[in-house]
Amino acid sequence: MTSIAADPDWTEQGPARAYWERAGFAELSESAEARRDALARILPRLKIADRCTLDGRFLVVRGDLRTYRIHLGSANILMEPDNSYLCIVPSRGKAGGKVFLPFEDDRLTVILSKALLLAADAEITDPSILRQIGSGRAG
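As structure tokens, then:
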């Protein structure tokens, strides 16, 4: 199943944009519920476990700069305190090595990679991501 809700580059305005916003943060499908169950088993074993909690449809990740809510269906990210959208697009290039993960859910892989990145948000160097994180920060 494909949908513009899973497209982090979607930039259209109007009714299609409203659909993207609703679907991108909607109630969880069966596969997203299974993803939530998998995360509940995986998270306690990660070095970022103390920075992560599952909250309804979201994996909540506490960084040093902000707190992030990663939707378990779409992998879209909202930043607290203002619920602004954070666009992080997975690299299209091939990495030097391949890490074996004991599941075949690409979305789960994306969610985990975003969580690992955002838990260490003070170490992010990408100017585009830093601009987005800094634009709505409290304080």
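Take the sequence shown: its letter number 42 is residue 42 in my numbering, and every next letter is one higher.
For every residue, glycine included, the Cβ atom is placed at its ideal position computed from N, Cα and C.
What would DSSP say about residue i, mapped onto helix, strand or coil?
{"i": "isoleucine 111", "result": "helix"}
{"i": "arginine 41", "result": "helix"}
{"i": "leucine 130", "result": "helix"}
{"i": "serine 135", "result": "helix"}
{"i": "glutamate 27", "result": "coil"}
{"i": "aspartate 55", "result": "strand"}
Using a threshold of 8 Å, state whether the C-beta atoms of residue i and residue j are closer than that.
{"i": "leucine 118", "j": "valine 61", "result": "yes"}
{"i": "lysine 114", "j": "isoleucine 88", "result": "yes"}
{"i": "arginine 35", "j": "leucine 54", "result": "no"}
{"i": "isoleucine 124", "j": "leucine 116", "result": "no"}
How many angstroms separate the CA atom of residue i from the CA atom of residue j?
{"i": "leucine 39", "j": "threonine 109", "result": "10 Å"}
{"i": "glutamate 30", "j": "aspartate 106", "result": "15 Å"}
{"i": "proline 127", "j": "glycine 73", "result": "27 Å"}
{"i": "alanine 32", "j": "alanine 120", "result": "25 Å"}
{"i": "arginine 41", "j": "alanine 49", "result": "11 Å"}
Could you round the C-beta distance between residue i and residue j to whole angstroms and report it? I think they count as a contact, below 8 Å.
{"i": "arginine 57", "j": "histidine 71", "result": "6 Å"}
{"i": "leucine 65", "j": "isoleucine 77", "result": "Actually they are not in contact, since the Cβ atoms of leucine 65 and isoleucine 77 sit about 13 Å apart, beyond 8 Å."}
Please classify residue i as buried or exposed, where buried requires at least 16 neighbouring CB atoms within 10 angstroms.
{"i": "alanine 122", "result": "exposed"}
{"i": "cysteine 69", "result": "Note on identity: in this sequence residue 69 is arginine, with cysteine being the wrong assignment. Answer is buried; the Cβ neighbour count reaches 16."}
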